[in-house]
Amino acid sequence: MSNVEKVIAKIFNEVADGLLTGQMGSIPNIAITGIGSEHGEAEVMAGALRAAKSGINVSYIGSLHEDGVTTVEVENEEACHKKMDELLANKEVDGAVTMHYPFPIGVSTVGRTITPGTGKELFIATTTGTSATDRVTAMVKNAIYGIIAAKACGVKNPTVGIINIDGAQQTYNALKQLKERGYDINFAESKRADGGCIFRGNDILTGAADVVVCDSLTGNVLIKMLASFTTGGSYESVGFGYGPGVGKGYDQIVMIISRASGAPVISGAIQYAADLVRGNFFDISHKEFEKAEKAGFNEILDKIKASNKPAAKADEAEVVAPPKEVVTAQISGIEVMDLEDAVAALWKAGIYAESGMGCTGPIILVPEDKCEKAVEILQKDGWITQ
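Residue numbering for the sequence shown follows this note's numbering, beginning at 241 and increasing consecutively.
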């Protein structure tokens, strides 16, 4: 079959799928990594098949084969992620769903779930990754990330609430400044008697806002509890997973699920990815950052950083990064607040390093051949324990 014939066949298949599903236009191509689930590959495949029936082209990366999805066969979890990265880099898929991913600092995921009180959809910004090493800076960024995800999923003017945790009032003050300077934030109202956009736990259950802002660790707990509150915790059955990595300039749709996620959530995550593709996620992200920056977003963040940063010692010169190298070795066990200083310590020792967020927390990425030396330095300086 010639290339022209293949293109024509693809178009006719998409038209046929559109007539069957009622969703005309380009059909999203979403990959899912199948190896690593606590419930086994069959559970992941069940979620993939369920999503495929809703009019999504699903590529299953794993060892199982079923009619209705395309299997890209691999032998282990490491190969799953390698193949997923390859498919994304080559634009062979529009997005991917996986159980963990080392997002760079500045990128974090916006979860999407169903509230038990009202059955309303709720976006939790954010649930994994680290938007910034400073809590308030991260939460201000998370508000923008949540608005982007909600708008890409069809919520035209999402309401925004902030969970009443450490830094909530500072986050509100910063977002209020942003609104006053021209960025349109639609603040939600708590359902409690005293109102306001600083939320209590009750507001989460009732879905008092479209987007709830928090730090990633709090968001991770919330999404897990809301996903598995009817099952006792070992099986996530409700919602759309932990969501896509969002950050300025980040140009891939990588969705996160948990190893405890069951077929309903896995299917939901694939559907969430497809919604982002159909909703022009990258265009919306670019426009929202542009509007926020025009209203002084970066200046507001710089003030927060300056107010929370201890004064630098006079005898400490700025550390410059060594020449960039390929970093594939991961070092874990570092507190998120110490990441930037630990990376600087390695730079000072002549080792190129980058910060990131792994599936179990903050990580430092270094070249494979320098990992042992890097660990030695970090242990000696007290950044990690032996």
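Every residue gets a Cβ at the ideal spot worked out from N, C-alpha and C, and that includes glycine.
By the criterion of at least three beta-carbon pairs nearer than 8 Å, the stretch 422 to 432 is in contact with the stretch 394 to 406. D621 has its alpha-carbon roughly 45 Å from the corresponding atom of T470. At the C-beta level, G483 and R352 come within 7 Å of one another. The beta carbon of K545 is closer than 7 Å to those of D374, T377 in its chain, skipping five residues each way along the sequence. For I425, the three-state secondary structure derived from DSSP is coil. A straight line joining the alpha-carbon of T368 with that of C393 spans about 19 Å.
Counting along the chain, N382 sits inside the alpha helix (DSSP H) bounded by residues 375 to 392.
Take the alpha-carbon of E558 and the one of Y423: they are about 34 Å apart. In its chain, beyond the 5 residues on either side, P268 have a beta carbon closer than 7 Å to the beta carbon of R518. With respect to the 7 Å criterion, A593 and V606 are classified as neighbours on the basis of their beta carbons. About 6 Å separates the Cβ atoms of I270 and A514, confirming a contact at the 8 Å cut-off. K588 and I405 have their C-alpha atoms spaced approximately 36 Å apart.
Straight-line measurement puts the Cα of A561 at about 28 Å from the Cα of H340.
Taking each of T625, Q417, T411 in turn and checking the Cα distance to V452, the smallest one comes out for T411. Around the C-beta of A329, fewer than 16 other C-beta atoms lie within 10 Å, and the residue is accordingly described as exposed. Using a Cβ distance threshold of 7 Å, I354 and G489 do not count as a contacting pair.
Under the three-state reduction of DSSP, G280 is assigned to coil, being neither helix nor strand. In terms of Cα proximity to Q409, the closest of A509, E612, C437 is C437. Closest in alpha carbon position to S525, among Q492, V583, S498, is Q492.
Rounded to the nearest whole angstrom, the CA to CA distance from G485 to T349 is 4 Å. Of the residues D578, Q570, L579, D581, the one whose Cα lies closest to the Cα of K610 is Q570.
Taking a contact as a CB-CB distance under 8 Å, the pair I345 and G596 counts as one, their CB atoms being some 7 Å apart.
Assigned with DSSP and collapsed to three states, Q492 falls in coil, not helix or strand.
Across the structure, A292 and V309 are spaced so that their CA atoms are roughly 7 Å apart. Under DSSP, the beta-bridge partners assigned to I301 are T273, V312. The three-state secondary structure of S525, taken from DSSP, is helix.
Rounded to the nearest angstrom, the gap between the Cα atoms of L457 and T370 is 9 Å. Residues of the same chain with a CB within less than 8 Å of the CB of R432, apart from the 5 flanking positions on each side, are R440, N442, D443 in chain order.
Here R499 is near S277, since their CB atoms are less than 7 Å apart. I272 is positioned such that its CB atom lies closer than 7 Å to that of Y300.
Its chain contains A392, I493 as the residues whose beta carbon lies nearer than 7 Å to that of F521, once the 5 sequence neighbours on both sides are disregarded; these appear in chain order. For E361, the beta-bridge partners assigned by DSSP are I354. Assignment of E558 by DSSP, reduced to helix, strand and coil, places it in the coil class.
The distance from the Cβ of E476 to that of S501 is about 4 Å, consistent with a contact at the 8 Å cut-off.
V400 is bridged by DSSP to F427, V451. Within the same chain, and ignoring the five residues on either side of K360 in sequence, the residues whose Cβ sits closer than 6 Å to its Cβ are G447.
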